[in-house]
Amino acid sequence: MSDIRFDGRVAIVTGAGTGLGKSHALELARRGAKVVVNDLGGSVSGEGGSLSAAESVVREITDAGGQAIAHGANVTRIAEVQDMVDQTLKTWGKVDILVNNAGILRDKSFSKMPLEDFQAVVDVHLIGSVNATKAVWEPMREAGYGRIAMTSSSSGIYGNFGQSNYGAAKMGVVGFMNVLHLEGQKYGIKVNTLSPTALTRMTEGLIPEEAAKLMTVESVTAGLVYLVSEDGPARTILCAGAGGYAATKIYETPGVYLAPEDQTPEKVAENFNKIVDPDGQQEFEQGGQQTFKFVEYAARHFGVK
Ligand code: NAD
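Quick note: the sequence shown uses UniProt numbering, first residue 1, plus one each step.
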């Protein structure tokens, strides 16, 4: 298999001053991409800010012979994000790749969580991804080429105690991907989602030391780089950590049809085991397929063709 390269490609990586984003930016640059290293430079909970982290990643890239620029846009502010994309277009004429990676944590059980902390986390992960994607969407559509990666988390896909804000935002980006996939595919735009697990300042102290040594950011970046490559997949949730790679998939059970006289909560309860039975489950490509399936059940019942 030939090397995956990004020569001539322009990539924006948000939250690339440290952790996973830094690793993504370094690897994309090493493989030939011109990289915009975005970072607000705040704390894990999103306080403070400085361009120095992004600038130091840029230095690392340019010292190795690559091309990169730093931008301190706060992804929650569309004007700052637009300025970053405008500067990218002015400098390099296009944006081929967007990696939505920036993130913060404000963990608390839901009963103790101030709504401001819920909002702040949704703003960075979900609205931040929306802002950056909005700013690159028209240039990508016009160019007929784009690769966009969202960053989700097992905390959203499966749940994690104390992370209702984070979980909601991380599943939000999956829904965002599903729709963008449908709207972008005819313009050559592929959208995917990474669900990483790695040792970074965000997970420091949460992972046992022995396991932490295996959970390198580089192992996750290998998956991300494939997701945003020219021949990469579309609409895939790629999970990566400690050298393990898997895909999260959403399936729907065949379920049951209940005739009008049986459309009662009691009959739903009676049929619940059949409703949740995974035998024959299907993966859908868009929401309408579910509606169609149900209407077909009813049509069959009433003998309508
Ligand atoms: P990190 O804290 O090391 O990096 C996050 C970066 O985002 C920081 O450099 C921070 O300054 C930047 N950032 C935060 N708010 C920003 C904003 N408003 N605008 C621009 N930049 C901003 O954390 P990480 O572990 O590298 O996480 C990267 C992504 O991966 C996040 O989206 C995180 O939720 C996700 N994730 C990480 C793990 C893990 O195991 N590390 C697991 C699941 C998901």
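Note that CB positions come from ideal geometry on N, CA and C, so glycine has one too.
DSSP puts LYS190 in a beta bridge; with which residues?
Here residue 190 refers to the residue found at position 190 when the sequence shown is read from its first residue. BP columns for LYS190 point to ARG147.
Kindly indicate the opening and closing residues of the beta strand (DSSP E) around GLN67.
If you number the sequence shown from 1, residue 67 lands on position 67. According to the DSSP assignment, GLN67 belongs to the beta strand (DSSP E) that extends over 67-71.
With hydrogens ignored, establish whether the beta-carbon of ARG141 is closer than 7 angstroms to any heavy atom of the ligand NAD.
Residue numbering aside, residue 141 sits at position 141 when the sequence shown is read from its first letter. For the ligand NAD, not one heavy atom lies less than 7 angstroms from the Cβ of ARG141.
Comparing the CB of HIS71 with every heavy atom of the ligand NAD, is any distance shorter than 7 angstroms?
Numbered from 1 along the sequence shown, position 71 holds the residue referred to as residue 71. Not under cutoff, so the answer is no.
Buried versus exposed, by CB contacts within 10 Å (16 or more), PHE6:
Position 6 of the sequence shown, counted from the start, is the residue given in the question as residue 6. Answer is buried; the Cβ neighbour count reaches 16.
Can you determine whether any heavy atom of the ligand NAD sits closer than 7 angstroms to the C-beta of VAL44, and answer yes or no?
The count along the sequence shown starts at 1 and reaches residue 44 at position 44. Yes, the Cβ of VAL44 comes within 7 angstroms of a heavy atom of the ligand NAD.
Curious, which full-length alpha helix (DSSP H) runs of at least 4 residues does the region 252-295 contain?
Runs of the alpha helix (DSSP H) inside the region 252-295: 265-270 and 272-275.
May I ask whether a heavy atom of the ligand NAD can be found less than 7 angstroms away from the beta carbon of LEU20?
Looking up residue 20 in the sequence shown gives position 20. Flag set: Cβ of LEU20 near the ligand NAD.
Let me make sure I understand the geometry here. Which of ALA102, MET202, THR91 and TYR257 has the alpha-carbon closest to that of ILE275?
If you number the sequence shown from 1, residue 275 lands on position 275. Among ALA102, MET202, THR91 and TYR257, the Cα nearest to that of ILE275 belongs to TYR257.
The ligand NAD and MET177: does any heavy atom of the ligand fall closer than 7 angstroms to the residue's C-beta?
Start at 1 with the first residue of the sequence shown, and residue 177 comes out as number 177. In this structure, MET177 has its CB at a distance of at least 7 angstroms from all heavy atoms of the ligand NAD.
Kindly indicate which three-state DSSP category ASN38 falls into: helix, strand or coil?
Here the question's residue 38 lines up with position 38 in the sequence shown. Taken through DSSP and simplified to helix, strand or coil, ASN38 comes out as strand.
TYR158 - containing alpha helix (DSSP H), residue span:
Against the sequence shown, residue 158 aligns to sequence position 158. Per DSSP, TYR158 belongs to no alpha helix (DSSP H) and is neither H nor E.
With burial defined as no fewer than 16 other Cβ atoms inside 10 Å of the residue's Cβ, what is the status of PRO139: buried or exposed?
In the sequence shown, residue 139 corresponds to position 139, counting from 1. Label assigned to PRO139: buried.
Along the beta strand (DSSP E) that carries LEU98, what are the first and last residues, could you check?
In the sequence shown, the residue the question calls residue 98 occupies position 98. LEU98 -> beta strand (DSSP E) spans 97-99.
What's the C-alpha gap between GLY49 and TRP92?
Position 49 of the sequence shown holds residue 49. Position 92 of the sequence shown holds residue 92. Between GLY49 and TRP92, the C-alpha separation is close to 26 angstroms.
Could you please give the first and the last residue of the uninterrupted beta strand (DSSP E) stretch that includes GLY244?
Here residue 244 refers to the residue found at position 244 of the sequence shown. It spans 244-248 - the beta strand (DSSP E) in which GLY244 sits, taken as one unbroken run.
Do PRO278 and LEU20 have their CB atoms nearer than 8 angstroms?
What you label residue 278 is simply residue 278 of the sequence shown in a count that begins at 1. What you label residue 20 is simply residue 20 of the sequence shown in a count that begins at 1. Not in contact: PRO278 and LEU20 (Cβ atoms no closer than 8 angstroms).
Specify the secondary structure class of LYS94 as computed by DSSP and reduced to three states.
The count along the sequence shown starts at 1 and reaches residue 94 at position 94. Coil.
Sequence-distant residues of its chain with Cβ nearer than 7 angstroms to THR88 (five each side left out):
As a working mapping, residue 88 is identified with position 88 in the sequence shown. Closer than 7 angstroms at the Cβ level, and outside the excluded window around THR88, lie VAL10, ILE12, VAL36 and VAL95.
Going by DSSP, what residue range makes up the alpha helix (DSSP H) through VAL10?
Here residue 10 refers to the residue found at position 10 when the sequence shown is read from its first residue. For VAL10, there is no enclosing alpha helix (DSSP H); the enclosing beta strand (DSSP E) has its first and last residue at 10-13.
Mind checking whether LYS22 and ALA29 have CB atoms under 8 angstroms apart?
For the purposes of this step, residue 22 is taken as the residue at position 22 of the sequence shown. For the purposes of this step, residue 29 is taken as the residue at position 29 of the sequence shown. Contact flag unset, no.
Helix or strand or just coil, what does DSSP make of PRO196?
Counted from its first residue, the sequence shown places residue 196 at position 196. Reduced to three states, the DSSP call for PRO196 is strand.
Considering only residues of the same chain and omitting the five flanking positions on each side of LEU214, which have a CB-CB separation below 6 angstroms?
In the sequence shown, the residue the question calls residue 214 occupies position 214. A distance below 6 angstroms between beta-carbons, with the five flanking residues on each side excluded, links LEU214 to the following residues of its chain, in chain order: ALA242.
Roughly how many whole angstroms lie between the Cα atoms of GLY162 and LYS108?
Position 162 of the sequence shown holds residue 162. Position 108 of the sequence shown holds residue 108. Straight-line Cα distance between these residues: approximately 5 angstroms.
Just to confirm, does GLY172 get its C-beta within under 7 angstroms of one of the non-hydrogen atoms of the ligand NAD?
Along the sequence shown, read from residue 1 onward, the residue named residue 172 stands at position 172. No, the Cβ of GLY172 stays beyond 7 angstroms of every heavy atom of the ligand NAD.
Alpha carbon to alpha carbon, how far is GLN286 from LYS293?
The residue you call residue 286 lines up with position 286 of the sequence shown. The residue you call residue 293 lines up with position 293 of the sequence shown. In a straight line, the C-alpha of GLN286 is about 12 angstroms away from that of LYS293.
Can you tell me whether PRO208 sits near the ligand NAD, meaning its C-beta is under 7 angstroms from at least one heavy atom of the ligand?
As a first step, residue 208 must be located in the sequence shown, where it is residue number 208. Flag unset: Cβ of PRO208 not near the ligand NAD.
Less than 8 angstroms between C-beta atoms, sequence neighbours within five positions excluded: which residues of the same chain meet that for VAL174?
One-based indexing of the sequence shown puts residue 174 at position 174. Taken in chain order, the residues that qualify are MET150, SER152, GLY156, ILE157, THR193 and ILE237.
Please indicate yes or no: does the CB of GLY41 lie closer than 7 angstroms to some heavy atom of the ligand NAD?
For this step, residue 41 is matched to residue 41 along the sequence shown. Relative to the non-hydrogen atoms of the ligand NAD, the Cβ of GLY41 comes within a distance shorter than 7 angstroms of at least one.
Given the structure, does ILE148 come close to the ligand NAD, in the sense that its CB is under 7 angstroms from one of the ligand's heavy atoms?
Here residue 148 refers to the residue found at position 148 of the sequence shown. No, the ligand NAD has no heavy atom inside 7 angstroms of this Cβ.
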